[in-house]
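Just remember that the working numbering sits 37 ahead of the position in the sequence shown, which is counted from 1. The C-beta atom is built at its ideal place from N, Cα and C for all residues, glycine as well. All values derive from a computational prediction rather than experimental measurement.
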Amino acid sequence: MADFGYLLLPIAFFALCVAYVRGLDRIVRASEETQRSTEEKSG
């Protein structure tokens, strides 16, 4: 049963890392779109 712990822990960690990076990517893309639309309106 401890073997599952050793396998599950790194898999859960990497899944959490992937979710975190995707969340950051979504935030950055939303920020870029807002900045782009603001530049189009003023330019």
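Query: Where M38 and I48 are concerned, what is the direct C-alpha to C-alpha distance, given to the nearest angstrom?; Result: 16 Å
Query: Output needed for V57: all residues of its chain with C-beta closer than 7 Å, excluding positions within five of it in sequence on either side, in chain order.; Result: It should be pointed out that residue 57 corresponds to Tyr in this sequence rather than to Val. The answer is none, since no qualifying residue turns up.
Query: Could you tell me the distance, in whole angstroms, from the CA atom of T75 to the CA atom of R59?; Result: 24 Å
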